[in-house]
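Engineer:
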Amino acid sequence: RRMYSVSVPSWKRSVSKTEYIRLLFDLNVRIGEIVANSPKKYRANYGDMLIKSALEALKYAQMANGIYVSTSMPETDYHLRRELLQRAKGTAENISTVGYIFLEQIRKHDAEESGKIYRREEYLGTICSEISKKISAVMKNDRTVYQRKK
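The numbering of the sequence shown is the working numbering, which starts it at 339 and goes up by one.
#1: Please list, in chain order, all residues of the same chain as D480 whose beta carbon is under 8 Å from its beta carbon, the five residues on each side excluded.
#2: Express the C-alpha separation of I405 and Y461 in angstroms, rounding to a whole number.
#3: Considering Cα atoms alone, identify which of K379, E413, L362 is closest to L396.
#4: For K487, name the three-state secondary structure that DSSP assigns.
#5: Return the Cβ separation of I372 and R458 in integer angstroms, given the expectation that the two are a contact with Cβ distance under 8 Å.
#6: Quick check: the Cα distance between D364 and M411, rounded to an integer number of angstroms?
#7: Taking 8 Å as the cut-off, is the CB of R425 close to at least one heavy atom of the ligand FMN?
#8: Is the separation between the beta-carbon of A430 and that of I389 shorter than 9 Å?
#9: Output needed for T409: all residues of its chain with C-beta closer than 6 Å, excluding positions within five of it in sequence on either side, in chain order.
#10: Would you give the residue range spanned by the alpha helix (DSSP H) that T409 belongs to?
#11: Check each candidate in A426, N383, P377 and name the one with the smallest Cα separation from A399.
#12: Leaving out the 5 sequence neighbours to the left and right, which residues in its chain are closer than 6 Å to W349 when beta-carbon positions are compared?
#13: To the nearest angstrom, how far is the alpha carbon of D448 from that of T482?
#14: Any idea if Y456 is buried or exposed, counting beta-carbon neighbours within 10 angstroms, 16 or more meaning buried?
#15: If you follow the alpha helix (DSSP H) that S391 is in, where does it begin and where does it stop?
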């Protein structure tokens, strides 16, 4: 019987330098649930934007993760990785803002339970802040590794 080695996708790894990717994956799943369980009248604008932004942040993070950081990496790769991480970080921060607007519309105009809305807002704000911090830490580490080259 032949055994095959299967690598674990980066977003499924529990503790690693790519934890921000796992957090972004989990965020995407949760946003899908939040939007699906929200009034339809907000889905076409805020809900869709929230889903697209979360998917975009995950895409940028995964693309950046595909660029290996080392002292021998080309300068163009370093800058591309940095740009992709900045995009992932900025997009994650925007998710928190769009999510807040989305949930505030529901709070003001629908009979959603206020505590439920608050918990969702708190989740989005907390997780997006955590993702932003983790990406910043990765960027700082990348800079340290890359500057050893000089």
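All C-beta atoms, glycine included, are put in the ideal place defined by N, C-alpha and C.
Structural biologist: By the coordinates alone:
#1: Here the set comprises V407, Y416, R419, R420, L423.
#2: The straight-line gap from Cα to Cα measures roughly 30 Å.
#3: Nearest option by C-alpha distance: L362.
#4: Three-state result, K487: coil.
#5: Contact check for I372 and R458: beta-carbon distance about 6 Å, within the 8 Å limit, so the pair qualifies.
#6: When rounded, the distance between both Cα atoms is 31 Å.
#7: In terms of ligand content, the structure shown is empty, and the ligand FMN therefore cannot be addressed.
#8: Taking 9 Å as the Cβ cut-off, A430 and I389 do not qualify as a contacting pair.
#9: Taken in chain order, the residues that qualify are R486, K487.
#10: Per DSSP, T409 belongs to no alpha helix (DSSP H) and is neither H nor E.
#11: Proximity to A399 across A426, N383, P377 peaks at A426, based on C-alpha coordinates.
#12: Only weak support is given to the placement of W349: the predicted model assigns it a pLDDT of 45, under 50, and the question is left unresolved by the model.
#13: If I take the Cα positions, the gap works out to 50 Å.
#14: By the 16-neighbour rule on beta-carbons within 10 angstroms, Y456 is exposed.
#15: Its alpha helix (DSSP H) spans residues 386 to 403.
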